[in-house]
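Chains as they are written, first to last, in the UniProt record's numbering: chain U, 1 to 193; chain G, 1 to 630.
Structure follows, in structure tokens:
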């Protein structure tokens, strides 16, 4: 985990005596909350416990603490690494303890939150299908073939939804199913390596 | 042997045999277990080896299977005798031998891969495989059961499934106050006020709230990268320039600004000299063409008037023009206009060139004039000086002699003064020069020292970097190894093995010592025996000689000699008998051992078993024959 100079000074400020212990604890809670959910910054602004602190300082500490937590989660830093980083920033032991326990308790959640930042492929959620019987066409008196109409319900990033609709003959459907089976088998094989 | 049995059993359990926990030695093994163990080992050694792991019920099938196993063992190179009987009716000793052979033959690939530290790539593929396996094993859940596409399998374990809650990494610039807590660095009041009141929180800065985290990550990364870049530059160029950090930055900024302005100027020049009509020129022309058109009817006036009139004129003229002119007329008019405009353009261009030439000529003229003026001013001054000197001399002419004397005196005193001053100067100059020389040499030395120090600093910095890199690498390796170690400790009882081996070694040492003791004992006894027998021989010879000398004289002495001879024979016989008895005892012991060995092979019970098996086989055969017949 590497932190920039401005982040380190922000953390030093957060560990200094210009912010008292109660406010520090409250600030860490708010930082975590604002990482996990889309929070309105007015929560911090209007918080009673934090109103004594200079807003400029508060903003600096706030951004540094967010960076600390997400950078730690991104690089999968363990508690010892986190502790040594905070010791380098000259925080007092009890504040380090507060931050490390907060980080450790929520690391999985933080990582899950960061894991959602990624490019994605459409994800299959459901399938609808219908079997039609094709009796004759304009050119042929007798066709007599079954046709499957399949609609794949997929979801994409940002909560968008999209349906992929296609129709195929029985052989094509069998081919598709066979290929899917092959794919799942090779996945299974890979997982047993 | 217990240690060996323990090792064999634990290894067999690793191979996949499910023995009960109470079994601690091979004496508790049954033929079924031996067969299962050997089949599993053979399956690992020879991948294509196929055999059921359990003994079948039918006797003949049992024999066939065991013969197959024995053949496979022989093919692998098992030295001792092996057959179906080894599996079914053998002693613990044979089983131990066979199982040890098979375990030695087990492929050691697993151990080898564990020895060398596995690369990050292999670890990655392995973890990917594990992850895929885990996701294959978990049941499918509909998408509405997952909050924002994250599925929590345990409180600390999650997996991304689905993509509705995902979004791409888009970062925007975010700013946060810096140095508000630093009392040494003064921040302007206005900036402080901005920080406290106006600057939005970082979470409110990106347009989309979901981009907050990626923006903050990008901010940190770019700052770290800039820091590293600066450090590298400072190490390379900054230290060599011997400026302080701020000076170096200022100099670099100056250089950049200069370069920028030069570039801009060059570009500007290229634009103007190429003669391309800039935007301004275009606009002017268009405007003036308008004036031309509208101005024909209104006569001359100021530009403003023209523009004003143009506005009204257009409104008045427009409807008339629309009515009067057809399309062709319009076309013609346009062409005419175009032609006239072109002519005008050409005219103006030529005029412009002419004017430019004129300007050049005039500027050259101005330059020339200025130079001439300066020259003349110089001349003026010279003339004035000459005039002043001449005037002085003319003033002095009336009383020439007196003045000459005065002048001579003046000259004398001044030359004296000059000489004095020169002397004084010499006096002062000597030590000064010396000092100067010393200082120069000193500065040279310090220069060299500085150079050396700089080099040292550079070397140290490089060393620092190397050491930091190394520690990082080692840290990573350590982490990897720790992970591997944690994974390994579960399935190997390495310490138990080593403890056992150490115990065995200690036992062997003890036994060796005892053997040595016994050997020295026997040697000592042998020596004593030899000594005694020698003594016996010598004593007999001496007595024999003495008695023989006296034997001729006396009958009684002759009989004594005879008795002596018989005593000798007897004692020899006794010694021989003792020897023989010892040999017999040894033989007896050997035989007893053999008996023990044979009894340990459970011959009688085995025989009984073989007999019963034989009977069963006979029965089976009879049944088969009956079946065949019926």
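Ideal placement from N, C-alpha and C gives every residue a C-beta, glycine not left out.
Just to make sure I have the definition right: I need the residues of chain G whose C-beta is within less than 8 Å of the C-beta of residue 55 of chain U. Which are they? In the first chain, the residue the question calls residue 55 of chain U occupies position 55. Going along chain G in sequence order, the residues near residue 55 of chain U (Cβ under 8 Å) are 195, 196, 197.
Flag residue 431 of chain G as yes if its beta-carbon sits less than 7 Å from any beta-carbon of chain U, otherwise no. Against the second chain, residue 431 of chain G aligns to sequence position 431. So no, residue 431 of chain G is outside the interface.
Using three-state DSSP, classify residue 138 of chain U as helix, strand or coil. Here residue 138 of chain U corresponds to residue number 138 of the first chain, with the count starting at 1. Coil at residue 138 of chain U, not helix or strand.
So residue 163 of chain U is in the beta strand (DSSP E); what residue range does that whole segment cover? For the purposes of this step, residue 163 of chain U is taken as residue 163 along the first chain, with counting starting at 1. 161 to 168 is the span of the beta strand (DSSP E), which, as asked, contains residue 163 of chain U.
Looking only at its chain, what residues have a beta carbon closer than 6 Å to the beta carbon of residue 616 of chain G, apart from the 5 residues adjacent to it on each side? As a first step, residue 616 of chain G is located in the second chain; it is residue number 616 there, counting from the start. 59.
As assigned by DSSP and simplified to three states, the class of residue 579 of chain G: Counting from one through the second chain, the residue named residue 579 of chain G turns up at place 579. The answer is helix: DSSP assigns residue 579 of chain G an H, G or I state.
Locate the beta strand (DSSP E) running through residue 148 of chain U, then write down its first and last residues. Here residue 148 of chain U refers to the residue found at position 148 when the first chain is read from its first residue. Taken as a continuous stretch (DSSP letters only), the beta strand (DSSP E) holding residue 148 of chain U covers 145 to 155.
Give a yes or no on contact between the segment 215 to 230 of chain G and the segment 163 to 183 of chain G, applying the rule of three or more CB pairs nearer than 8 Å. yes
Proximal residues, the segment 245 to 256 of chain G versus chain U, C-beta separation under 9 Å: Here the close residues number zero.
Residues of chain G with a CB under 9 Å from the CB of residue 59 of chain U: which are they? Taking the first residue of the first chain as position 1, residue 59 of chain U is located at position 59. Those within 9 Å of residue 59 of chain U in chain G are 176, 177, 180, 195, 196, 199, 200, 201, 202.
Cβ-based neighbour list, residue 129 of chain U, same chain, cut-off 8 Å, excluding 5 preceding and 5 following: Along the first chain, one-based indexing puts residue 129 of chain U at 129. So the list reads 148, 149, 150, 151, once near-sequence residues are dropped.
Just checking: is the beta-carbon of residue 345 of chain G within a distance shorter than 7 Å of some beta-carbon in chain U? Numbered from 1 along the second chain, position 345 holds the residue referred to as residue 345 of chain G. Under the Cβ criterion of 7 Å, residue 345 of chain G is not counted among the residues facing chain U.
Please list the terminal residues of the continuous beta strand (DSSP E) segment that includes residue 157 of chain G. Position 157 of the second chain, counting from 1, holds the residue named residue 157 of chain G. Counting along the chain, the beta strand (DSSP E) containing residue 157 of chain G begins and ends at 157 to 160.
If we count the other Cβ atoms within 10 Å of its Cβ and call it buried at 16 or more, is residue 6 of chain U buried or exposed? One-based indexing of the first chain puts residue 6 of chain U at position 6. Answer is buried; the Cβ neighbour count reaches 16.
Cα-Cα, which of G:181, G:231, G:230, G:129 is closest to residue 185 of chain U? Translated into positions along the first chain, residue 185 of chain U becomes position 185. For residue 185 of chain U, the nearest C-alpha among the options comes from G:129.
Helix, strand or coil at residue 140 of chain G [DSSP, three-state]: Along the second chain, read from residue 1 onward, the residue named residue 140 of chain G stands at position 140. Coil, per DSSP.
Are the beta-carbon atoms of residue 81 of chain G and residue 55 of chain G separated by less than 7 Å? As a position in the second chain, residue 81 of chain G is number 81, starting the count at 1. As a position in the second chain, residue 55 of chain G is number 55, starting the count at 1. Their beta carbons are not under 7 Å apart, which means residue 81 of chain G does not touch residue 55 of chain G by this criterion.
Which chain G residues are close to residue 3 of chain U, counting only those with a beta carbon under 8 Å from its beta carbon? For the purposes of this step, residue 3 of chain U is taken as the residue at position 3 of the first chain. The answer, in chain order, is 220, 224.
Starting from the Cα of residue 42 of chain G, find the closest Cα among G:104, G:94, G:29 and give me that residue. The residue you call residue 42 of chain G lines up with position 42 of the second chain. Per the Cα distances, G:104.
In the DSSP output, what is residue 123 of chain U paired with across the bridge? Here residue 123 of chain U refers to the residue found at position 123 of the first chain. Answer is U:155.
What do you reckon, are the CB atoms on residue 74 of chain U and residue 114 of chain U nearer than 7 Å? Here residue 74 of chain U corresponds to residue number 74 of the first chain, with the count starting at 1. Here residue 114 of chain U corresponds to residue number 114 of the first chain, with the count starting at 1. Contact: yes.
For residue 101 of chain U, decide whether its Cβ has a neighbour in chain G, counting only Cβ atoms nearer than 7 Å. Sequence index remark: in the first chain, residue 101 of chain U carries index 101 (1-based). So, not an interface residue.
Assign residue 71 of chain U to buried or exposed, taking buried as 16 or more other Cβ atoms, counted over all protein chains shown, within 10 Å of its Cβ. Locating residue 71 of chain U in the first chain gives position 71, where the first residue counts as 1. The residue is buried, with at least 16 neighbouring Cβ atoms inside 10 Å.
Return the bridge partner residues of residue 131 of chain U from the DSSP annotation. By 1-based counting over the first chain, the position of residue 131 of chain U is 131. Per DSSP, U:148.
Name the DSSP bridge partner or partners of residue 154 of chain G? In the second chain, counting from the first residue as 1, residue 154 of chain G sits at position 154. According to DSSP, which records beta bridges pairwise, residue 154 of chain G is partnered with G:157.
Nearest-angstrom Cβ-Cβ length linking residue 224 of chain G and residue 84 of chain U, presumed shorter than 8 Å: Stepping through the second chain from its first residue, residue 224 of chain G is reached at position 224. Stepping through the first chain from its first residue, residue 84 of chain U is reached at position 84. Incorrect: roughly 17 Å between the Cβ atoms, too far for contact.
Under a Cβ-count criterion, where at least 16 other Cβ atoms within 10 Å of its own Cβ denotes burial, should residue 12 of chain G be classed as buried or exposed? Stepping through the second chain from its first residue, residue 12 of chain G is reached at position 12. Flag for residue 12 of chain G reads buried.
Give a yes or no on whether the minimum CB-CB distance between residue 125 of chain U and chain G is below 7 Å. Within the first chain, residue 125 of chain U is the residue found at index 125, counting from 1. Output row for residue 125 of chain U: interface = yes.
From what residue to what residue does the alpha helix (DSSP H) around residue 107 of chain G run? Taking the second chain and counting its residues from 1, the one referred to as residue 107 of chain G is at position 107. Residue 107 of chain G -> no alpha helix (DSSP H), and no H or E assigned at all.
Residue 101 of chain G touches chain U at which residues, Cβ-Cβ below 8 Å? The residue given as residue 101 of chain G occupies position 101 in the second chain. Result: empty, since nearest Cβ-Cβ is about 31 Å, beyond 8 Å.
Straight-line CA distance for residue 61 of chain G to residue 46 of chain G? As a first step, residue 61 of chain G is located in the second chain; it is residue number 61 there, counting from the start. As a first step, residue 46 of chain G is located in the second chain; it is residue number 46 there, counting from the start. Going by the C-alpha atoms only, they are around 22 Å apart.
Does the count of Cβ pairs from the segment 98 to 111 of chain U and the segment 144 to 162 of chain G closer than 8 Å reach three? yes
In whole angstroms, give me the CA-to-CA distance for residue 93 of chain U and residue 164 of chain G. For this step, residue 93 of chain U is matched to residue 93 along the first chain. For this step, residue 164 of chain G is matched to residue 164 along the second chain. Cα-Cα distance, rounded: 41 Å.
Between the alpha carbons of residue 277 of chain G and residue 357 of chain G, how many angstroms are there, rounded? Start at 1 with the first residue of the second chain, and residue 277 of chain G comes out as number 277. Start at 1 with the first residue of the second chain, and residue 357 of chain G comes out as number 357. Low per-residue confidence applies at residue 277 of chain G: pLDDT is 48, beneath 50, and the placement is therefore not dependable, though the value from the model is reported in the following sentence. Rounded to the nearest angstrom, the two C-alpha atoms are 18 Å apart.
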